[in-house]
Amino acid sequence: MLTELGSLRICERAPERLVLGLGRLTRVAGWALAGAAASAALWLLPYSLTLAALAGCVAGVGLLLASARREIVIDHHDGVVRVHQGVAGLSSRSVTPLFHLRAVVLTRRGAGFVLQLERRLGGRIAIDDGGRVGPLRALARAIAEVGELRFVDDTAAAA
Numbered sequence: 231m232l233t234e235l236g237s238l239r240i241c242e243r244a245p246e247r248l249v250l251g252l253g254r255l256t257r258v259a260g261w262a263l264a265g266a267a268a269s270a271a272l273w274l275l276p277y278s279l280t281l282a283a284l285a286g287c288v289a290g291v292g293l294l295l296a297s298a299r300r301e302i303v304i305d306h307h308d309g310v311v312r313v314h315q316g317v318a319g320l321s322s323r324s325v326t327p328l329f330h331l332r333a334v335v336l337t338r339r340g341a342g343f344v345l346q347l348e349r350r351l352g353g354r355i356a357i358d359d360g361g362r363v364g365p366l367r368a369l370a371r372a373i374a375e376v377g378e379l380r381f382v383d384d385t386a387a388a389a
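Using my numbering, you'd call the opening residue of the sequence shown number 231 and step up by one each time.
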C-alpha cells in the first residue's frame, strides 16, 4: 500500500490528451500523518519537550506530503508535455514540445523501476518510479500511445 504513495495515476484520458496526477492516497496519508503526529506532540509536551518537538517535525512532514501536487499533461493536439509540480505552495512548471522527445523508457534501477521520457538532446525527464513494473508499464503504454512516441522496455534486458 505504501508503494502507491506518491505514484502517478491516469486522471483523464482522451485520444489526444492524457493527464497524470498524484492519487488521493498521498493527500489522505499526509493529513493522517500530520494529525496523528500533532496529537502525539500535544500529548508528549508535558512529559518531554524533545519528543514533542520530534513529533512536531513528523507532523510537518505530513503537511508537506498532504500539500504535494504533481500533474503531467501529454497533449498531442498542442504538441507539448506540461509538467506542474509543487509542495507547500512552491511550484514549478515546464513545457516540452513533443518533437523534442524520442521515446518513453522503462528501466530497472536497483530494486525498482523508473519511467522516463527520453529527449533528443539533453537528459531524460523522470515521470515515475516504483517497485512493481506492471503499473509503470501501463502508464508508459498510455503515454506512448497519446504522444505517438516509441516505447522502450529495458526491464527484461536488465534482469
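Ideal Cβ placement from N, Cα and C applies to all residues, glycine included. Just so we're clear, the structure is a prediction, and the values are computed from it rather than from any experiment.
Near residue i, what residues of its chain come up, given a Cβ to Cβ distance below 8 Å and the 5 sequence neighbours on each side ignored?
i	result
glycine 361	Thr233, Ala341, Gly342 and Phe343
Is any heavy atom of the ligand FAD found at a distance shorter than 7 Å from the C-beta of residue i?
i	result
leucine 336	The ligand FAD is not part of the structure shown, which contains no ligands of any sort.
Would you report the Cα separation of residue i and residue j, rounded to the nearest angstrom?
i	j	result
arginine 371	alanine 285	42 Å
proline 327	glycine 353	14 Å
leucine 272	arginine 254	27 Å
aspartate 384	glycine 236	23 Å
tyrosine 277	alanine 267	15 Å
leucine 345	leucine 279	43 Å
glycine 292	aspartate 359	21 Å
histidine 330	leucine 379	11 Å
valine 294	arginine 332	As written in the sequence, residue 294 is leucine, which differs from the valine given in the question. Using only the alpha carbons, I get a separation of about 34 Å.
arginine 257	leucine 351	35 Å
histidine 314	serine 322	6 Å
Are the Cβ atoms of residue i and residue j separated by less than 8 Å?
i	j	result
arginine 349	isoleucine 355	yes
leucine 275	alanine 282	yes
aspartate 305	arginine 243	no
valine 440	alanine 296	The structure shown does not extend to residue 440, since the chain is modelled only from 231 through 389, so no value can be given for it.
Within a Cβ cutoff of 6 Å, which residues of the same chain sit near residue i, ignoring the five residues on either side of it in sequence?
i	result
valine 310	Val325 and Pro327
valine 456	With the chain covering 231 to 389 only, the question about residue 456 has no answer from this structure.
methionine 231	Residue placement at methionine 231 is poorly supported in this model, since its pLDDT is 49, which falls under 50; the coordinates still yield a value, given next. None.
Just to check my reading of the structure: residue i and residue j have Cβ atoms closer than 8 Å, yes? What is that Cβ distance to the nearest angstrom?
i	j	result
alanine 318	leucine 252	Contact doesn't hold; Cβ gap of about 14 Å is too wide.
leucine 238	arginine 300	7 Å
Once you ignore the five residues that flank residue i on each side, which residues in its own chain have a CB closer than 7 Å to its CB?
i	result
leucine 366	Leu336, Phe343, Leu345, Asp358 and Gly360
cysteine 241	Val249, Leu250 and Gly251
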